[in-house]
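Per our numbering, residue 1399 is the first one in the sequence shown, and the count goes up by one each step. Before any comments, here is the structure.
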Amino acid sequence: MQLLHNLFKENRVFFICFLLWYFVVSIFIFSLPKNEGFILVNSQHSLFFDYFFTVITQFGDGILIIFLGLLCFFIWSKRLGVAVIATYIGSGLICILLKKTFKLYRPGFHLYDDPSFHSLSWLPMANHNSFPSGHTTSAFALATTLALFSKNKKLGIIALCIACLTGYSRVYLSQHYMDDVWFGSMLGTGFSCLYAMLLNYFKENRFNLTFFPPNFKI
């Protein structure tokens, strides 16, 4: 509990912003039926935002995150690079397990014939494994990792804003329901916090990762 308290205290602004996002989305999903909430978001579209969210949703793409992790590892900070890749893989594996467990259909399966349903011709339409949203999970895991491990705290806030837009984009682009995004944001953030707490615990207890060289620090 003390580790969690310290984590929140050192990153207060980031977590307040995340809790604000989480509170707003929670009200949304618990106030509206699942399909109605989806249509409310998905039907509000324009050509500009079609292109904008097509780009912004890539923030949760695995190839981009692995690239950023490697970039951090070799150019900026090995500790941050390892954290970015580790939290992406860890949260991603849990996300895949949940998808395979629940096996829920995506909006396109239920609502494709609805006149308000908005999809883009240049994006493939998935129908299966809706819960939770993988892109959202990865985007929030990345944002939280940047907030917790980067010396520049503003970077985490910026990444969180992009992660929120990424989550919204998954509904706008007809790929997920809002509750998929809601849980994905919690999963990504929670896993990155768990990783940081375990790392601090091992550090405080002088735990050494023997599969790295002695002078390698994470």
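The beta carbon of each residue, even a glycine, is placed where N, CA and C say it ideally should be. In this text, all values refer to a predicted model and were calculated from it rather than measured experimentally.
When the five nearest sequence neighbours on each side are left out, the beta carbons in the same chain lying within less than 7 angstroms of the beta carbon of residue 1591 are those of 1405, 1542, in order along the chain. For residue 1538, same chain residues with a beta-carbon under 6 angstroms away, outside a window of 5 residues either side, are 1561, 1583, 1586, 1587 in chain order.
Counting along the chain, residue 1524 sits inside no alpha helix (DSSP H), nor does DSSP assign it H or E at all. Per DSSP, reduced to three states, the secondary structure at residue 1410 is helical.
Annotation: the continuous alpha helix (DSSP H) that includes residue 1538 extends over 1532-1547.
Runs of the alpha helix (DSSP H) spanning 4 or more residues and lying entirely within the stretch 1424-1448 occur at 1432-1440, in chain order.
Residue 1417 sits exposed, since fewer than 16 C-beta atoms from the chains shown fall within 10 Å of its C-beta. Restricting attention to 1570, 1577, 1558, 1545, the CA atom closest to the CA of residue 1593 is found in 1545.
Going by beta carbons, residue 1471 and residue 1479 fall inside the 8 angstroms limit. Sequence-distant partners of residue 1455 (beyond 5 residues in either direction) whose C-beta falls short of 7 angstroms from its own C-beta, in its chain, are 1533, 1564, 1567, 1568, 1571.
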